[in-house]
Structures are given as structure tokens and as C-alpha cells.
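Asks:
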Amino acid sequence: MRNLREILQYPTAIIGLIIILGLIGVSIYAVVALPYSEAIRLWRGGEDVWSKNPKTAAPTWVNLFRRQDLPATIKVSSEDESVEKTREVVTEDMTDIDFFFTFDYLYHGFPREISIFFETQYDEKNPHVSMTWLTPDGREIRIGSMSLERSATYRVSQDSTLQRRLPGDLPPHQALFAADPEAENPEALQGPYTLQVSAKVFEPEADVDAELVMYGEVHGIAGTDHRRRDLSVALLWGTPIALAFGLLAAVGTSLTTMIIAGVGTWFGGWVDGLIQRITEVNLILPTLPILIMVGTFYSRSLWLMLGVLILLSIFGGGIKTYRAIFLQVKESPYIEAAQAYGASDARVIFRYLIPRIIPMLLPNLITLVPGFVFTEAALALLGLGDPILPTWGKVINDARFNGALYQGNYYWMLEPSVLLMITGLAFSLLGFSLDRIFNPRLRGM
Amino acid sequence: MSVDVKGREDVRDEALLDQLGPERRNGALLSIKDLKVWFELKRWGFLHAGYVRAVDGVSFDLHRGEAIGIVGESGCGKTTLMKTILGLYEPTEGEVAFAGSEVDAFGSRQMRSYRGAVGYVQQDPYGALPPFMTVEGILEEPMKIHGVSDADERKQRIRDVMAEVKMTPMDDFLDKYPHMLSGGQQQRVVIARAMMLEPRLIVADEPVSMLDASVRVEILRLLQGLQASHDLAVIYITHDLSTVRYFSEYIFVMYAGKLVEKARVDELLANPLHPYTHALLAATPDPDYRNALTQKTVPPGEPPSLVNPPPGCRFHPRCPHMIEGLCDVEEPPDFEPEPDHFAACWLHR
Amino acid sequence: MSDNNALLRVEDLRLYFRTRQGVVQAVDGVDFRLGYNEAVVVLGESGCGKTSLARAVLRLLPRNVDTYSGRVYLNGTELMQMGNEEFRRNVRWVKMSMVPQAAMNALNPVLRVGEQVAEPMTAHYLAGKEEALAQARRMFQHVGVPVDFLNRYAFELSGGMRQRAALAMALVTMPNMVFLDEPTSALDVLTQANIFNVLKRIKKDLEVSFILITHDIATSSELADRVAVMYAGQIVEVSDARRFFSDPLHPYSRMLMASVPRLKVDQEPTFITGHPPSLLGPPTGCRFADRCPSRFEKCMEEPPVFEEQGHEVKCWLYA
């Protein structure tokens with residue numbers, strides 16, 4: 003009916019459309035690459051899932067803005083090709099397994115933490131392991147020795163004994179890298195480092211694997227949060243949730259509002275009056291506080307919130323706008339003709355009135371989306387977000403709760419906020435352009 | 006040419022059909038007796054504040070194959086009369102009978118039959134068509150509503166009717182939207198739609214007043230042709246005497262809710278009996294250069310309010326022949342000074 | 005009629021609009037003359053460009069004008085050269101005014117009618133408020149609306165009275181000429197007759213010239229001294245009323261006249277098949293050729309305007 007190619011004449015519409023298509027693309031990728039159950043598992047995961055991420059690390063791309071790069075997380079695993087693993091049978095009951103973890107450290111700064119993760123296989127006798135650190139300038143530092151359980155984590159950074167043994171006052175993860183541990187402003191020594199791990203197992207079938215993780219100051223495209231979760235999971239998955247929430251709410255509300263307005267206007271009389279009075283009362287009711295009440299006293303499920311939000315929004319200002327248009331269209335001669343050839347009331351409303359309004363519906367719908375997206379984020383921000391799902395609002399909530407801005411972790415608060423703003427902007431741009439197309443009186447503005 | 010309508014109870018009520026015999030003048034197709042259509046005025050939504058007496062005592066008979074023109078100025082009630090005939094308004098008093106049965110007493114099924122039997126051609130050809138439907142869609146609607154469920158049957162009927170309104174080649178038009186058609190073509194679609202359900206009566210409200218002069222006669226001739234080939238009764242509602250004289254047999258003149266004169270066309274034009282008719286004829290110009298040289302005599306004043314019409318004859322405040330004590334006191338009945346020529350005027354008592 | 009005697013002289017006036025579908029050549033090279041105290045009817049069907057002609061002369065242009073050229077002489081002064089502000093101040097509604105289509109619906113509902121009618125006087129600094137209202141009162145008398153309606157609002161007046169008020173507004177500054185665009189198309193027969201009575205009287209009393217734009221051939225004869233027929237953006241015939249209404253020259257005019265149903269004479273009306281060409285890309289050659297029963301080979305070429313017994317025709321039949 004309308005030439006939708008007209009949209010391309012409006013640069014703002016093109017920008018909005020591109021952004022929305024981008025968001026949709028991200029949503030599809032999110033759902034495909036990380037299926038729902040997987041995403042939930044990751045997001046709710048604790049130490050077992052995220053232990054190898056640093057806590058509240060900034061995203062790696064902040065390094066673009068720095069003169070000196072912040073260290074990123076470095077992981078070296080015994081299963082890597084670069085790691086030498088030797089196995090030497092000494093006696094029947096004892097086998098030596100040696101690892102040499104070699105890596106290049108090219109940063110000026112220090113990692114956040116250092117941990118070594120051990121995976122062992124044995125029947126009864128625990129393996130024993132001892133570790134030595136080799137710096138580029140030839141220093142050999144004995145780190146320690148211990149016996150291992152099946153899964154053991156040795157947190158180097160928290161080993162206070164080690165800290166006392168090492169020169170200077172620095173914590174182990176810094177002391178091990180410092181060029182001069184006793185200097186005023188210590189810097190890391192760059193170069194190849196080696197961690198030598200010597201393990202002894204006491205059963206022929208036993209085996210030991212290890213992974214050295216040096217937690218960086220920066221990690222991943224989006225950074226991490228206080229529970230070491232990679233934020234890109236939340237940001238990625240927040241996209242389809244935001245879009246779905248916004249679109250479903252907008253579509254559900256708009257369609258229902260339009261139909262109710264149509265029915266009311268067509269029948270007039272007390273039907274119309276009733277609908278108008280309900281609308282007027284509903285307009286006074288504050289949406290957000292009611293949602294807060296529902297969330298606090300009943301349940302915080304996202305879909306429930308969506309349902310209540312739609313219910314509250316149906317009898318909103320839209321009814322008045324649609325009513326005005328319906329009143330005009332109702333007077334059209336073709337409506338009278340339809341009655342003359344016997345059309346029923348339902349047919350008139352749905353086949354003759356509503357199709358005239360649909361062009362108006364589309365821009366309204368699109369402009370409504372940002373509002374709903376923000377409402378969801380607002381709820382999450384107030385702590386009433388869905389407890390399970392990773393949403394942008396949730397991330398902002400966590401950030402706020404954990405003092406992100408005070409601690410300088412700006413990325414944590416900014417990333418979801420920027421995404422929210424971009425979404426809102428995109429839909430608004432597209433919506434306003436559509437409005438200009440479908441409402442000819444605004445054309446040329 | 007037609008769709009097989011037997012056995013489909015939604016489409017036609019057998020009782021209705023039975024009453025319509027093949028004889029042309031046997032019984033009136035449409036019989037209006039002393040029809041009054043009043044609208045209540047309410048102050049503040051509920052206080053009674055009088056009635057708008059849009060139609061205030063109209064009677065006439067219409068037979069199959071007859072075309073009458075109802076002529077009057079705006080506010081005379083002709084639109085209300087027309088809509089009552091179409092079943093869009095309910096009579097306040099009096100009787101509208103179609104094929105012998107009172108329309109008022111119709112149940113919903115009969116009402117639907119009735120709606121199918123009366124076709125409506127409106128004034129605004131573009132407004133009368135839903136702008137978001139194609140021609141084919143528009144023409145299908147009446148059939149869908151009346152239960153013609155077979156799509157092929159509908160298509161065939163559409164083709165038949167399009168041929169009758171001379172919209173050929175059909176395929177050129179079927180998938181076009183109203184705004185792609187010219188005014189004349191739009192009006193043909195309106196007429197086609199009115200013909201879809203094989204009506205017995207067509208009500209045409211100013212069918213050509215919004216069309217160009219060069220197209221008007223074409224459309225009117227089309228209606229005339231349909232009238233002849235389908236033995237249709239046609240009611241033209243208009244304020245343009247010069248057009249309607251060529252396309253109807255009778256002219257009824259309406260003023261302030263009442264029919265003041267009824268006569269055959271030639272008789273009315275040659276011998277107007279009511280002063281209002283006389284004034285209308287005098288004020289309607291033919292293209293003639295001499296018109297610019299003279300002033301026309303026009304009755305002073307304006308048509309009366311339909312809420313408080315003047316007592317007695319409604320035209321008396323403007324009438325040059327008013328008789329004191331009579332015209333302003335008592336309403337004149339229909340006199341018949343000439344055979345088949347009625348005038349509601351005391352001059353002819 | 006010689007050029008020197010003309011109140012308004014239009015030469016090769018062109019007004020084209022830019023639309024999404026292309027350029028609409030609404031007024032396509034119109035030549036035209038209006039004498040003093042003369043009424044000329046511009047007759048044409050919908051889409052022939054007649055309203056655009058009025059807008060072109062009065063310079064009431066929308067934003068999407070593509071071409072606006074030609075020469076317009078009012079009392080000998082060429083107007084197209086004038087700047088917009090000067091035109092607005094000294095010409096529009098001072099020397100030339102207009103009663104637009106459906107003017108009766110264009111009255112401001114929140115102002116009293118008297119104020120509105122007086123407004124052109126004050127807007128052009130021709131008079132102070134008191135004198136303007138007095139002038140409005142005089143105009144109301146001329147058009148036949150009782151003066152106590154000066155204090156009423158537009159909705160309190162009937163259709164016919166509103167149209168007369170709009171006419172008074174066009175006359176209040178005593179212009180030399182007034183465009184009337186379909187002045188009675190929405191009115192009843194009796195009211196129409198009244199309005200034309202008023203126009204005839206005003207033409208005599210105030211010596212105003214009128215350009216009446218309409219498609220209604222019968223009513224145009226109520227006022228016309230001369231008739232100009234417009235088709236597809238061009239003027240195809242200009243004859244005096246006597247000639248035109250009895251025996252017009254151009255085939256289109258003849259067919260138009262034949263399509264008018266007559267009340268007083270028994271003459272079956274006819275119609276013209278086909279429809280006028282689109283103004284988006286008018287055909288070359290005579291624009292009426294494809295509907296003309298008298299067309300012949302030469303009609304593939306655009307005819308110039310020929311003179312025939314003091315009338316003008318744009319048709320090869322009169323070469």
C-alpha cells in the first residue's frame with residue numbers, strides 16, 4: 003500500500019534501521035551461539051564457571067586509549083603445545099612429571115592475581131608437587147610445594163608465606179614480576195618467564211595436569227563483573243531480551259489499544275463512555291510503582307512484569323488518540339455503504355475501520371518500544387528485575403550495587419547504559435521517520 | 006447471467022421473492038405511507054429539547070422499473086428519507102413497505118435480504134470506496150457478507166457485473182486501488198458494488214454531482230441502462246433539476262421534510278403547480294448569455310428550521326402567493342389538480 | 005479588445021509543480037486579458053489547471069514550484085518583476101483579491117465575522133480599525149448580509165451568508181478585480197441564484213472586474229461577459245458570452261456545451277469519452293486530439309491561437 007521505499011529518503015530512518023538490524027543480528031547470534039539454558043547456566047554460575055576470569059576487569063579495548071597497555075589475562079595450560087610435559091618413571095611406585103610453562107610477559111604493569119589450577123587422577127595416593135619460578139633475568143624463585151587433591155587450586159597471590167619469603171613488600175603476583183621489588187614504583191620486568199612444576203605421582207596410572215592463570219587488569223570485549231562473569235554474556239543476551247520485551251510490549255499494547263478504541267468508538271453510547279472513564283482512571287495510576295508492588299509482593303518473573311505492564315498500558319493515552327482518528331474515519335461514506343449492504347458491526351470494525359488506522363499504528367508502535375525497554379531496565383535497576391535472566395538493567399544494578407562508579411569501573415555501568423541508549427535512539431529515529439511518512443501532514447518537515 | 010441464489014437462505018428470503026411478481030405495475034415495490042423520521046435533541050446529554058423533524062409525513066409508491074427523482078435543497082430531509090429507505094435509520098412513525106412487507110417488522114435475516122435488495126450509490130465516488138482495498142476486494146465484500154462462500158462464484162459474478170458497468174478490460178481494473186482510478190471509473194465501481202446482490206431498487210444520492218460535466222451523462226446513461234435491463238426501480242436524490250429530468254419518469258419536490266409536489270417530469274416542467282417548484286425552476290439556469298443581464302427572482306428568506314417549522318404550510322413565510330388565515334394556519338393536503346400530478350398547496354384547493 | 009484597454013494582461017504564464025511523480029505542468033503558457041468592469045469565466049473540468057491559474061496570477065505559490073514564468077500586467081505595471089514583499093503589500097488583496105473555493109468553510113471560527121472582513125484593510129495599512137469596520141459594514145450592505153451579523157461568529161451564519169461574507173472580505177479593499185473560485189459549488193440552487201444576483205449588482209455598483217473560475221457551465225452564464233475555456237493547462241478558446249453559449253468554436257467547447265442537460269429546452273445531453281491528459285507529461289500536439297471527433301493529421305502539431313471573428317481559438321480547424 004504505501005511505498006516503504008520512502009523510508010530510505012530519510013537519513014535518520016536509515017541510521018535507525020541499521021542500528022536495529024544490528025541489534026537483531028546480535029540477538030540472533032546470542033540465541034544461536036549461546037542457547038538459553040547455556041546462557042542461564044553461565045550467568046548463574048559461580049566459581050566453577052568463572053574461576054578463571056579476573057574480578058571486575060575492564061574490557062581489553064580500553065588499552066586503545068592508554069599509553070601503556072594494561073595486562074590482559076594470560077592462561078597457560080599443560081595441554082597447550084607450548085608447554086613441555088615430561089614423564090619419567092623413577093620406580094614402580096613413583097613417577098616424575100615435569101611441566102615447563104613458558105610465556106612472554108610484555109606488560110609494564112602487574113597481573114591482578116595468579117592462580118594455578120591442578121587436575122589430578124589417582125586412586126589413593128595423593129600426588130605431590132613443587133613449583134619454581136624463573137624470571138627473564140635469570141632469578142630462580144622457589145614458590146612452594148604441596149600435595150594435591152583431585153581438583154586443587156593454588157592461589158599464589160594469597161600465599162602469605164610466599165609473600166614474606168619474597169623480597170620487598172609486594173604481594174606475590176607483583177613480586178614475581180617486578181624488575182626491582184624494592185623500588186619506589188615497581189614495574190614489571192618484560193621477557194620470557196618460566197614456571198617449572200615438578201610433580202610426583204605414586205601410582206602408575208596417576209596423572210597430573212595444571213593450568214597457570216595470570217589474571218589481567220583487562221579481560222574480554224566487555225570486561226568482567228564482581229563475580230568474575232564475562233559481561234559480554236549479559237550484554238549479548240540482554241539484547242534479545244530487551245528487544246523481545248520492548249517489541250512484545252509495544253505490539254501487544256498497540257494492537258489491543260487500537261481494537262478497544264475501535265470497538266468503543268463504533269458502538270458509542272455507554273460502551274464508549276465506559277472505555278473512556280477506564281482510560282482516564284488508568285492514566286492517573288502510576289505504572290512504575292504498581293510494577294514495583296507486583297514485583298515486591300508477588301513475583302519478579304520478567305514475563306509477569308511484561309503482562310502487567312501491557313495491561314496497564316492498554317488503557318493509556320493511545321486510546322484517546324486512536325479514538326480521535328476513528329471518530330473521523332467512522333464518518334467516511336464507505337462505512338455507510340458497508341452498513342447499507344449489510345456488514346455486521348464486527349466486520350465494519352475489523353475490515354473497514356482498523357485497516358485505515360494501521361498506517362498510524364506502525365510509527366506509534368515503534369516509538370513505544372524504547373519506553374518499554376527502559377521500564378524493564380528501570381525495574382532491574384531497582385532490584386526488581388528478573389532474578390534469572392541476564393539483562394542490561396541487571397548489569398547496571400550490579401554495577402551500582404557494587405559501587406562501580408566509585409571504584410573507577412566505569413565500563414561496568416557505561417556499557418549497558420550505552421546499549422540502552424542506542425536501542426532507544428534507533429527506535430525513536432525510525433519511529434519519527436515513519437511518522438513523517440505515514441502522516442502526510444508532517445511531510446516535508 | 007446471475008448467481009444461482011436458490012437454496013441459499015442467507016441470500017434471499019423466499020417470502021420476499023414470492024411477493025415480487027413478474028407483472029410490472031401489479032403492486033408497488035416500495036410503498037411509503039405517511040413516513041415520519043424525527044431525531045430527538047437532547048440538552049446536556051439527557052434532557053429532551055425537541056425533535057428535528059427531518060421527514061415529516063412523506064407518502065409515495067414506487068414500482069419496479071420506475072425511476073423517480075427526489076429534488077430539494079440541503080436540509081429538506083431528502084438525505085434522511087433516503088437513509089431510512091436504505092434501512093440505516095428507523096422510522097419514527099408511518100410505514101415503509103418493501104414488496105408488501107413492512108421493513109420495520111423485519112427480523113435480522115429478512116433485514117439482510119432487504120439490504121441486499123436495495124443498492125446504494127453514493128455521492129462521493131472516492132469516499133465511498135475503502136482506500137486500502139482493491140477493486141476486486143471491494144466488489145467481493147457484499148457477496149462475502151451474504152454468504153457466497155465459493156470464491157469462483159464470486160469471481161464470476163464480479164466479471165459479469167464489471168461487464169455490465171462497462172469496466173473493460175476487466176483485468177486492468179481488478180487489482181487497482183481506488184486512488185488509481187478516475188472519478189468516473191470510481192463511480193462505476195460504486196455502481197457495480199450496488200449491483201452485486203441483484204438488487205430490486207437502487208438509491209442514488211447525487212450520483213454525479215462530484216464528477217466532471219463531460220462524464221456525468223455517461224454515468225447517468227449507465228444507470229438508465231441498468232434500470233432497463235434489470236427492471237430496477239431507481240430513486241435519484243439530487244438538487245439539480247436539469248440533470249434529473251432526463252433520467253427519471255417522475256419528479257418529487259421536497260421541502261422542509263414534506264413532499265410538496267409530485268408529477269411526471271414533462272408535466273412538472275411545463276406546469277409547475279407549487280410556488281416552491283416554480284421558484285426552483287426559475288432559479289436553475291440553462292447556459293444562456295442573457296442570464297448575465299437580468300437578476301433572478303428568488304423567494305426571500307431561508308428554508309425553515311426542522312426543529313420548529315412554521316405553522317401551516319411550511320413554505321408560507323417565503324411564498325409570494327400566501328393566503329392569510331389559511332396558509333399560515335393549516336397544512337395543505339395533497340391536491341390533484343391534474344391527473345397524476347399532486348401539489349400540496351392551498352392554491353389548488 | 006485592444007491591449008491598451010486591458011485591466012489585466014497575462015502573457016505566456018507558466019506554473020509547474022514538482023511532485024514525487026514528476027513535474028506537473030499546471031499552467032502551461034496561458035495568454036489572457038481582462039478588461040475593466042468585465043467578467044470573464046475560466047471554464048474547465050477538474051485537473052485542467054484553472055485554480056492554479058488564479059494562484060499563479062496572485063502569486064499564492066506552494067513550496068514545490070518548479071517553474072514560474074511569464075508576464076503579468078496589471079494596469080500596465082508588470083508584476084512578475086516585483087519582489088514578494090512589494091507584491092504582498094501593494095498588489096495582493098489591494099488591487100486583486102480572491103474568494104477561494106469553499107471560502108465559506110475557510111472563515112476563522114474564533115473571530116467575529118466583522119473583524120475578519122475588516123482585516124485586509126488593517127493588514128495593508130489602508131485604514132485604522134474604526135474605518136476598516138465601517139468599510140466592512142458598507143461591504144456587508146453591498147453583498148446583502150444584515151449588518152448586525154458583523155458581530156456574529158462564522159458558525160452562526162448560513163452557508164449562503166458565509167459565502168457572501170467571504171465575498172465582502174475580498175471586496176473590502178476595493179480592488180480592481182476579484183477571482184472567484186467555484187463560488188457556488190457547495191450551495192443550493194436558490195442560494196446560488198442569490199449570490200449571482202449579488203455579484204451582478206456589485207459588478208454594476210462597484211465597477212469591479214471578475215474572473216469566475218468554475219466547471220459549471222450553466223451557472224457561468226449568469227455572470228459571463230466573455231468565456232475562456234481551459235483544457236490540460238492551456239486556454240483553448242476565448243469567446244464572448246453570446247457567441248460561446250449559442251455556438252462555441254473549439255470542438256471541446258462544443259462537446260462540453262452538448263453535455264449540459266438543459267431544463268428549459270428538450271435536448272438530450274451527451275458525454276465526452278476518455279479523459280483529459282495528465283498534466284505530468286502532456287502530449288505533444290493538440291492536447292484534445294485523442295478525444296476530438298474532428299481531428300485530422302495537422303493536429304499532431306500543437307496549434308497556435310487563431311483569431312476568428314474577434315474570438316480566439318487554439319484549433320487547426322480555424323487556420
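Protein chains in written order, with the working numbering: chain A, 3 to 447; chain B, 6 to 354; chain C, 5 to 323. Heads up, the beta-carbon is just placed ideally off N, CA and C, and yes, glycines get one too.
1. Suppose contacts are defined by Cβ-Cβ distances below 8 angstroms. Is Met181(C) in contact with Ser213(C) by that definition?
2. Does the structure place the stretch 244-264 of chain B close enough to the stretch 281-298 of chain C that three or more beta carbon pairs sit under 8 angstroms?
3. May I have the straight-line CA-CA distance separating Glu28(B) from Val34(C), to the nearest angstrom?
4. Taking Val264(C) as the query, report the chain B residues whose CB atoms sit under 7 angstroms from its CB, ordered along the chain.
5. Helix, strand or coil: how does DSSP classify Gly275(A) here?
6. Any beta-carbon of chain A closer than 8 angstroms to the one on Tyr251(B)?
7. Are the CB atoms of Tyr12(A) and Tyr107(A) within a distance shorter than 8 angstroms?
8. Just checking: is the beta-carbon of Ile90(B) within a distance shorter than 8 angstroms of some beta-carbon in chain A?
9. Using the rule of at least 16 other Cβ atoms within 10 Å of the residue's Cβ for burial, across every protein chain shown, is Gln123(A) buried or exposed?
10. Along the stretch 107-134 of chain B, what residues have a CB closer than 7 angstroms to any CB found in chain A?
11. If you run the structure through DSSP and keep just helix, strand and coil, what is Leu22(B)?
12. Short check: CB of Arg63(C) to CB of Arg96(C), under 8 angstroms?
13. Kindly say whether Arg279(A), judged by its beta-carbon, lies nearer than 8 angstroms to any beta-carbon of chain B.
14. Does any residue of chain C bring its CB to less than 8 angstroms from the CB of Leu286(B)?
15. So, is Thr267(A) buried or exposed, given that buried needs 16 or more other C-beta atoms within 10 angstroms?
16. Looking only at DSSP bridge pairs, what is Asn314(C) linked to?
17. Can you find the residues in the same chain that come closer than 6 angstroms, C-beta to C-beta, to Ser106(B), ignoring five residues on each side of it along the sequence?
18. Per DSSP, what kind of secondary structure is Val336(C) in: helix, strand or coil?
19. Check Ser73(C) in the structure and name its three-state DSSP category.
20. Taking the straight line between their C-alpha atoms, what separation do you get for Ile16(A) and Gly248(A)?
21. So, does the CB of Gly300(B) fall closer than 8 angstroms to a CB anywhere in chain C?
22. Please classify His184(B): does DSSP put it in a helix, a strand, or coil?
23. Val222(B) and Thr274(C) - do their beta-carbons sit closer together than 8 angstroms?
24. Taking the CB atoms as reference points, tell me whether Glu272(B) and Phe347(B) lie closer together than 8 angstroms.
25. Taking 8 angstroms as the threshold (beta carbon to beta carbon), is Lys133(C) in contact with chain B?
26. Would you mind stating whether Ile224(B) and Gln190(B) have Cβ atoms separated by less than 8 angstroms?
27. Identify, in the order they occur along the chain, each residue of the same chain with its Cβ nearer than 8 angstroms to the Cβ of Pro286(C), setting aside the five sequence neighbours on each side.
28. If we count the other Cβ atoms within 10 Å of its Cβ and call it buried at 16 or more, is Arg43(A) buried or exposed?
29. Find the nearest neighbour of Val69(C) within the set Val231(C), Arg18(C), Lys208(C), judged by alpha-carbon distance.
30. Extract the residue ranges of the alpha helix (DSSP H) inside the stretch 64-108 of chain B, only unbroken runs of 4 or more that lie entirely within it.
31. Indicate the three-state DSSP secondary structure (helix, strand or coil) for Pro27(B) in the structure shown.
32. Hey, which unbroken runs of the beta strand (DSSP E) at 3 residues or more fall wholly within the stretch 121-193 of chain A?
33. Given that Leu352(B) touches chain A, what residues does it touch there, using C-beta distances under 7 angstroms?
34. If Leu233(A) and Ala224(A) are in contact, beta carbons under 8 angstroms, what's the gap, nearest whole angstrom?
35. For Glu134(C), does the count of other Cβ atoms within 10 angstroms reach 16, so buried, or fall short, so exposed?
36. Is the CB-CB distance between Val199(A) and Ala212(A) below 8 angstroms?
Replies: Looking at the atomic coordinates:
1. Translated into the one-based positions of the third sequence, residue 181(C) becomes position 177. Translated into the one-based positions of the third sequence, residue 213(C) becomes position 209. For Met181(C) and Ser213(C), yes; Cβs fall inside 8 angstroms.
2. no
3. The residue given as residue 28(B) occupies position 23 in the second sequence. The residue given as residue 34(C) occupies position 30 in the third sequence. Unreliable positioning characterises Glu28(B) in this predicted model, as indicated by a pLDDT of 35, which lies under 50. A coordinate reading is not provided.
4. Taking the first residue of the third sequence as position 1, residue 264(C) is located at position 260. Residues of chain B passing the Cβ test: Ala218, Pro292.
5. Along the first sequence, read from residue 1 onward, the residue named residue 275(A) stands at position 273. Residue state, collapsed to three classes: helix.
6. Taking the second sequence and counting its residues from 1, the one referred to as residue 251(B) is at position 246. No, Tyr251(B) does not count as interfacial toward chain A.
7. Here residue 107(A) corresponds to residue number 105 of the first sequence, with the count starting at 1. Here residue 12(A) corresponds to residue number 10 of the first sequence, with the count starting at 1. No. Outside cutoff.
8. As a position in the second sequence, residue 90(B) is number 85, starting the count at 1. Output row for Ile90(B): interface = no.
9. Within the first sequence, numbered from 1, the residue matching residue 123(A) stands at position 121. Exposed is the call here.
10. Arg117, Arg120, Gly121, Tyr125, Gln127, Asp129, Gly132, Ala133, Leu134
11. In the second sequence, counting from the first residue as 1, residue 22(B) sits at position 17. For Leu22(B), the predicted structure reports a pLDDT of 48, less than 50, and the residue's modelled location is therefore unreliable. The matter cannot be settled from this model.
12. Counted from its first residue, the third sequence places residue 63(C) at position 59. Counted from its first residue, the third sequence places residue 96(C) at position 92. For Arg63(C) and Arg96(C), yes; Cβs fall inside 8 angstroms.
13. By one-based count along the first sequence, residue 279(A) stands at place 277. Not an interface residue.
14. Counting from 1 along the second sequence, the entry for residue 286(B) is found at position 281. Yes, Leu286(B) lies at the interface with chain C (some Cβ there is under 8 angstroms from its Cβ).
15. Translated into the one-based positions of the first sequence, residue 267(A) becomes position 265. Buried, by the Cβ-count rule.
16. Along the third sequence, one-based indexing puts residue 314(C) at 310. Note on identity: in this sequence residue 314(C) is Gly, with Asn being the wrong assignment. Beta-bridge pairing links Gly314(C) to no other residue.
17. Position 101 of the second sequence holds residue 106(B). No residues qualify anywhere along the chain.
18. Only positions 5 to 323 of chain C appear in the structure, and residue 336(C) is not among them; the question remains open.
19. Taking the first residue of the third sequence as position 1, residue 73(C) is located at position 69. Three-state result, Ser73(C): strand.
20. Within the first sequence, numbered from 1, the residue matching residue 16(A) stands at position 14. Within the first sequence, numbered from 1, the residue matching residue 248(A) stands at position 246. Each residue's alpha carbon lies about 20 angstroms from the other.
21. Here residue 300(B) refers to the residue found at position 295 of the second sequence. Looking at the sequence itself, residue 300(B) is Gln, so the reference to Gly does not match. Judged by the 8 angstroms Cβ criterion, Gln300(B) is in contact with chain C.
22. Against the second sequence, residue 184(B) aligns to sequence position 179. Looking at His184(B) - three-state DSSP - the assignment turns out to be helix.
23. Translated into the one-based positions of the third sequence, residue 274(C) becomes position 270. Translated into the one-based positions of the second sequence, residue 222(B) becomes position 217. Cβ distance < 8 angstroms, so Thr274(C) and Val222(B) count as in contact.
24. On the second sequence, residue 272(B) is found 267 positions in, with the first residue counted as 1. On the second sequence, residue 347(B) is found 342 positions in, with the first residue counted as 1. Taking 8 angstroms as the Cβ cut-off, Glu272(B) and Phe347(B) do not qualify as a contacting pair.
25. Here residue 133(C) refers to the residue found at position 129 when the third sequence is read from its first residue. No, Lys133(C) lies away from the interface with chain B (no Cβ there is under 8 angstroms from its Cβ).
26. Mapped onto the second sequence, residue 224(B) falls at position 219. Mapped onto the second sequence, residue 190(B) falls at position 185. It is not a contact, given that the beta carbons lie outside the stated cut-off.
27. Position 282 of the third sequence, counting from 1, holds the residue named residue 286(C). Gln29, Asp32, Ala236, Gly237.
28. Position 41 of the first sequence, counting from 1, holds the residue named residue 43(A). By the neighbour-count rule (16 or more Cβ atoms within 10 Å), Arg43(A) is not buried but exposed.
29. Position 65 of the third sequence, counted from the start, is the residue given in the question as residue 69(C). Ranking the options by Cα distance to Val69(C), first place goes to Arg18(C).
30. 83-90
31. The residue you call residue 27(B) lines up with position 22 of the second sequence. Confidence at Pro27(B) is low in this model, with a pLDDT of 41, below 50, so the placement of that residue is unreliable and no value is reported for it.
32. 130-136, 142-149, 153-157
33. On the second sequence, residue 352(B) is found 347 positions in, with the first residue counted as 1. The contacting residues do not exist; Leu352(B) stays about 39 angstroms from chain A at best.
34. Start at 1 with the first residue of the first sequence, and residue 233(A) comes out as number 231. Start at 1 with the first residue of the first sequence, and residue 224(A) comes out as number 222. About 4 angstroms separates the two Cβ atoms, so the contact holds.
35. The sequence position of residue 134(C) within the third sequence is 130, counting from 1. Looking at its Cβ environment, which holds fewer than 16 other Cβ atoms inside 10 Å, Glu134(C) is exposed.
36. On the first sequence, position 197 is the one that residue 199(A) refers to. On the first sequence, position 210 is the one that residue 212(A) refers to. Their beta carbons are under 8 angstroms apart, which means Val199(A) touches Ala212(A) by this criterion.
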